[in-house]
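Student: 5 is the number of the first residue of the sequence shown in our numbering; add one for each residue after it. Cβ coordinates follow ideal geometry from the N, Cα and C atoms, glycine included.
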Amino acid sequence: MSRTPEARAYDLDALRERVLGEGGGTVDDSIPQLAAADPGLCGLALALLDGTVRTSAQADVPFSVQSAVKPFLFALALLDTGGRALDLIGIEPTGESFDAIKLETGTGRPPNPMVNAGALLTAALVDGGDVEGRTARILRGLSAFAGQDLGVDEDVARSEHLLGDRNHALAHLMRAEGTLEVGADDAVAVYAAACAVRVDARALAVMGATLAGGGVNPVSGERVVPAGVARDVVSVMATCGVYDGSGRWMRSVGVPAKSSVSGGIVLSAPGVLGAAVVSPPLDEQGTSVRGRVACEALSADLDLHVFGVR
Ligand code: GLN
């Protein structure tokens, strides 16, 4: 693992300075709390599999995890259903935006767990019974991935639940197809709470590292999910994690990742490290503009591209 010493010495504040000048993009305005985000926020963190965590300035600024929660919801659903989630959700990229009102033709299944339809279902498949129970189970699971106690931003959860009309539509569509077994409103409530979990770049990097390390949190030492679950999740991040920008991402960054409308990006470089960036201005696909540039630089500097020949 020759890249570990280089990553341990990597200057994240210098990278932050490099990407801060990157303009463009728009801050998401789907809920008031996201619209109020500081467009100048930029935080970066690296979590190595030996337990070392490196951070830049602003890596401790909290933000709502939003869609960066999707890989972890998928992991928990795989764990709690004993793998049955793989029969209930597709794993093919859609080439469409995250909230497209579309299910798999023929099966009525969500196309993959990284788009909203799939994440609404994974959030419904975890153990816990009712809305409170499933939300608590998700929070416990995410906290294990992060190695610290995480909480829900209740204002954000309320807004997501109230204003997420496309998510309500998707939940009803899945009810009609018979693929969602819990009530549509309950499914949206749990998914909204999961999107509203407060993280910072540091916590998100450790979460990515737990997947990169085959399911073992490198900081706490806890085995959070079996290695096979981590491998399944990272595979789907690679093909579907950046929605209709996944192909371009794979070519230019080459590291499995998940983007989110809060401007957070989580990266899992298998066997090497986890990383996270947050910067709210987004491109057309809902990917952080500075986040993409930072991830491209990180991948090039640390030789992380999974298809790069070393
Ligand atoms: N809360 C957002 C939603 O469902 C999350 C979307 C995202 O981060 N891409 O709609």
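Between residue 316 and residue 77, what straight-line distance do the alpha-carbon atoms span, to the nearest angstrom?
Tutor: Residue 316 is absent from the structure shown; the chain starts at 5 and stops at 314.
Student: Do you know offhand how far residue 133's Cα is from residue 39's?
Tutor: Cα to Cα, the separation comes out at about 33 Å.
Student: Hey, would you say the C-beta of residue 100 is under 6 Å away from at least one heavy atom of the ligand GLN?
Tutor: Result no, Cβ not under 6 Å from the ligand GLN.
Student: Mark residue 120 as exposed unless 16 or more other C-beta atoms lie within 10 angstroms of its C-beta, in which case mark it buried.
Tutor: With 16 or more Cβ atoms within 10 Å of its Cβ, residue 120 is classed as buried.
Student: Leaving out five residues before and five after residue 11 in sequence, what residues of the same chain have Cβ atoms less than 7 Å from its Cβ?
Tutor: Same-chain partners within the cutoff: 50, 52, 277, 306.
Student: Could you tell me if the beta carbon of residue 244 falls within a distance shorter than 6 Å of some heavy atom in the ligand GLN?
Tutor: It does not: the Cβ of residue 244 is nowhere closer than 6 Å to a heavy atom of the ligand GLN.
Student: Scan the region 34-118 and note each continuous beta strand (DSSP E) run of 3 residues or more that stays entirely inside, going in chain order.
Tutor: Fully enclosed beta strand (DSSP E) runs of 3 or longer: 47-52, 57-59.
Student: Identify, in the order they occur along the chain, each residue of the same chain with its Cβ nearer than 6 Å to the Cβ of residue 320, setting aside the five sequence neighbours on each side.
Tutor: With the chain covering only 5 through 314, there is no way to say anything about residue 320.
Student: In whole angstroms, give me the CA-to-CA distance for residue 293 and residue 255.
Tutor: Those two C-alpha atoms are separated by around 16 Å.
Student: In the DSSP assignment, find the unbroken alpha helix (DSSP H) run with residue 2 in it and report its ends.
Tutor: Limits of the chain in this structure are 5 at one end and 314 at the other, which puts residue 2 out of reach.
Student: Give the C-beta separation of residue 279 and residue 209 to the nearest angstrom, bearing in mind that I take them to be a contact with Cβ-Cβ under 8 Å.
Tutor: Contact flag correct, Cβ pair sits at about 5 Å.
Student: Exposed or buried, which one is residue 93 when buried takes at least 16 other CB atoms within 10 Å?
Tutor: Per the 10 Å Cβ criterion, buried.
Student: Please state whether DSSP places residue 286 in a helix, a strand or coil.
Tutor: In the structure shown, residue 286 sits in a strand (DSSP, three-state: E or B).
Student: Measure the Cβ-Cβ separation of residue 167 and residue 35 and say whether it is below 7 Å.
Tutor: Their beta carbons are under 7 Å apart, which means residue 167 touches residue 35 by this criterion.
Student: Would you call residue 25 buried or exposed, if buried means 16 or more other Cβ atoms sit within 10 Å of its Cβ?
Tutor: Exposed.
Student: My assumption, with CB atoms under 8 Å, is that residue 207 sits in contact with residue 150. Please give the rounded CB distance.
Tutor: That pair is a contact at about 4 Å.
Student: Which term fits residue 274, buried or exposed, when burial requires 16 or more other beta carbons within 10 angstroms of its beta carbon?
Tutor: The residue in question, residue 274, is buried, as its Cβ has 16 or more Cβ neighbours within 10 Å.
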